[in-house]
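Visitor: Heads up: the protein sequence lines correspond to chains A and X, in order. Going from the first sequence to the working numbering is simple: count from 1 and add 34. Going from the second sequence to the working numbering is simple: count from 1 and add 34. For every residue, glycine included, the Cβ atom is placed at its ideal position computed from N, Cα and C.
There are 2 protein chains.
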Amino acid sequence: MEYKEAKGKFIQTWGSLGTLWGINKAMAQIHALLLISPEPLSMEDVMEELHISRGNTSMNLRQLIDWGIVYKTSKAGERKEYFTSEKDVNELARQIARERSRREIQPTLKVLKEVSTIEDDGTAQTKEFIKQTKALHELADTADSILNRVVNQESNWLTKTFMKLLK
Amino acid sequence: MEYKEAKGKFIQTWGSLGTLWGINKAMAQIHALLLISPEPLSMEDVMEELHISRGNTSMNLRQLIDWGIVYKTSKAGERKEYFTSEKDVNELARQIARERSRREIQPTLKVLKEVSTIEDDGTAQTKEFIKQTKALHELADTADSILNRVVNQESNWLTKTFMKLLK
DNA sequence: TCAAACTTTCAAAAAATATTGAAAGTTTAA
DNA sequence: TTAAACTTTCAATATTTTTTGAAAGTTTGA
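#1: Shorter than 9 Å from the beta carbon of threonine 167 of chain X to some beta carbon of chain A?
#2: Are the stretch 38-52 of chain X and the stretch 85-92 of chain X in contact at 8 Å, needing three or more beta carbon pairs?
#3: Which whole runs of the beta strand (DSSP E) in the stretch 109-190 of chain A are 3 residues long or more, in chain order?
#4: Using alpha carbons as the reference points, say which of X:Glu36, X:Glu39, X:Leu67 and X:Lys38 lies closest to glycine 49 of chain X.
#5: Taking one C-beta from the stretch 100-116 of chain A and one from the stretch 161-176 of chain A each time, how about it: are there three or more such pairs within less than 8 Å?
#6: Consider the Cβ of lysine 201 of chain X: report whether some Cβ of chain A lies at a distance smaller than 9 Å.
#7: Out of A:Ser71, A:Leu126 and A:Ala60, which has the shortest C-alpha to C-alpha gap to arginine 96 of chain A?
#8: Whose CA, out of A:Ile103, A:Tyr116, A:Arg137 and A:Glu138, lies closest to the CA of asparagine 124 of chain A?
#9: Quick one: which residues of the stretch 125-138 of chain X get their C-beta closer than 7 Å to a C-beta of chain A? List them in chain order.
#10: Between which two residues does the alpha helix (DSSP H) holding histidine 65 of chain A run?
#11: Compute the Euclidean distance between the alpha carbons of lysine 38 of chain X and glutamate 78 of chain X, then round it to the nearest angstrom.
#12: With DSSP as the reference, label histidine 50 of chain A as helix, strand or coil.
#13: From leucine 146 of chain A to methionine 81 of chain A, what does the alpha carbon distance come to, in whole angstroms?
#14: Distance check for methionine 35 of chain A and isoleucine 57 of chain X, CA to CA, integer angstroms please.
#15: Would methionine 61 of chain A pass as an interface residue toward chain X - the criterion being a Cβ-Cβ separation below 9 Å?
#16: State yes or no: is the beta carbon of phenylalanine 117 of chain X nearer than 9 Å to at least one beta carbon in chain A?
#17: Is there a Cβ from chain X that is less than 9 Å from the Cβ of valine 80 of chain A?
#18: Counting only beta-carbon separations shorter than 9 Å, does threonine 142 of chain X have a partner in chain A?
#19: Report the neighbours of tyrosine 105 of chain A on chain X: residues whose CB is nearer than 9 Å to its CB, in chain order.
#20: Using 10 angstroms around the beta-carbon of glutamine 140 of chain A, count the other beta-carbons present and answer buried if the total reaches 16, otherwise exposed.
#21: Can you give me, in chain order, the residues of the stretch 147-160 of chain X that have a beta carbon less than 9 Å from any beta carbon in chain A?
#22: Let me know the alpha helix (DSSP H) ranges lying completely inside the stretch 72-104 of chain A, each 4 residues or longer, listed in chain order.
#23: For alanine 127 of chain A and leucine 170 of chain A, what's the separation of their Cα atoms in angstroms?
#24: Out of A:Lys168, A:Ser71 and A:Ile64, which has the shortest C-alpha to C-alpha gap to aspartate 154 of chain A?
#25: Which residues in chain A have a C-beta closer than 7 Å to the C-beta of valine 123 of chain X? List them in chain order.
#26: Beta carbon of tryptophan 101 of chain A, beta carbon of glutamine 129 of chain A: below 9 Å?
#27: Figure out for me which residue from X:Val149, X:Gln159, X:Ala131 and X:Pro72 has the closest Cα to the Cα of serine 119 of chain X.
#28: Just to check my reading of the structure: leucine 75 of chain A and phenylalanine 117 of chain A have Cβ atoms closer than 8 Å, yes? What is that Cβ distance to the nearest angstrom?
#29: Looking at arginine 132 of chain A and leucine 181 of chain A, is the spacing between their C-beta atoms short of 9 Å?
#30: Chain A partners of tryptophan 55 of chain X, CB-CB under 7 Å?
#31: I believe lysine 106 of chain X touches glutamate 115 of chain X by the beta-carbon criterion, under 8 Å. Please report the beta-carbon distance rounded to the nearest angstrom.
#32: Applying a beta-carbon distance threshold of less than 8 Å, which residues of chain X neighbour leucine 51 of chain A?
#33: Rounding to the nearest angstrom, what Cα-Cα distance links glycine 52 of chain A and tryptophan 55 of chain X in this structure?
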């Protein structure tokens, strides 16, 4: 397999994986492209490589920037903007963990806390509801704490933790 | 807030969270409903509670069974099938971890390994490609190992691990 | 200030995904 | 073996999500 084929396969795979985890394909593919590009790319570059429209490229680049995993850069003497991805995959993991916690887990925890504190009227259904939503709250809380560990520790925490667990 | 409102809110929230993580809404909602139901429910029950069609209910229940988090049961003397969710949320986490690893992470690892072993022709783009896909492979491998730890350990591993990390 | 170079916005269109419901299939009690 | 009770399938439909592309907006050098 030569470079071009491998590149296509990688971008394709990253796009599909994204879809499975609730990230739109174009966004995941743009990210993949920037991740393996030795130089920052312009919007034009991205459009051409992935065959997507200007509007689509613009919107998804913005989202990637909002997620904190793609940066705008400028080249001296050029008006055009260039884009580059966070290259350190550990930092990438940290940032994604941070955002998923903030955007998704925290609001879910809030709702779970709210609904799990309804008054126990003694019926089986209420008892079960309280029991299960409390258990889910605890699980989500644990998951969130782990995500926050990823966020707050040095960037190779993941690897270190794994090593520790193996012992 | 009384039971009915809390129940609706919980099912709604679980459905939305599912969507964000790439799980279809009906499937997540059926799961939520079974999780808090003290008794197994029939297909009819699920259809009525969630206002979804027979076909939709049938297909999503099957998927939940494929994921290993919903079980078929029978009531003595009844021909109808009843469904119940895995009630232990730690076991639930284990099962989801197991399936996501098998279905999504493993195939991704395979592709990453494949594309990261192209021949280094000395160009900057090839060097960057190899470097980044190798780094991603390592990250995915670590994540997968952690998922597998979740899968293989006793069901309260998650909580225990978190406690250990706090020390 | 102008206008070229570039980016963003957003309504419309396309594509992907989920849902329906009725027909076909299956199971079981009598 | 039949037929009622129940489940599954799947083509058609609806809904949601993504994508397009052209117009509007912005920035900057002269």
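Guide: Let me spell this out:
#1: yes
#2: no
#3: 115-119
#4: Of all alpha-carbon atoms in X:Glu36, X:Glu39, X:Leu67 and X:Lys38, the one lying nearest the alpha-carbon of glycine 49 of chain X is that of X:Leu67.
#5: no
#6: Residue placement at lysine 201 of chain X cannot be trusted, given a pLDDT of 46 that sits under 50; what the coordinates show is reported in the next sentence. It does not; no Cβ of chain A falls within 9 Å.
#7: A:Ala60
#8: Measuring from the Cα of asparagine 124 of chain A, the nearest candidate turns out to be A:Ile103.
#9: For the stretch 125-138 of chain X, which is checked against every Cβ of chain A, the residues closer than 7 Å are Ala127 and Glu138.
#10: 59-70
#11: 19 Å
#12: What sits at residue 50 of chain A in the sequence shown is serine, not histidine. Note: serine 50 of chain A maps to helix in three-state DSSP.
#13: One C-alpha to the other measures close to 42 Å.
#14: 34 Å
#15: Not one chain X Cβ lies under 9 Å of methionine 61 of chain A.
#16: no
#17: no
#18: yes
#19: Counting only Cβ-Cβ distances below 9 Å, tyrosine 105 of chain A has no contacts in chain X at all, with the closest Cβ about 16 Å away.
#20: exposed
#21: Within the stretch 147-160 of chain X, those residues whose Cβ lies closer than 9 Å to any Cβ of chain A are, in chain order, Glu148, Val149, Ser150, Thr151, Ile152, Glu153, Asp155, Thr157, Ala158, Gln159 and Thr160.
#22: 77-84 and 88-100
#23: Spanning the two alpha carbons is a distance of roughly 24 Å.
#24: A:Lys168
#25: The answer, in chain order, is Ala169, Leu170 and Leu173.
#26: yes
#27: X:Pro72
#28: 6 Å
#29: yes
#30: Trp55 and Gly56
#31: 5 Å
#32: Glu138 and Thr142
#33: 10 Å
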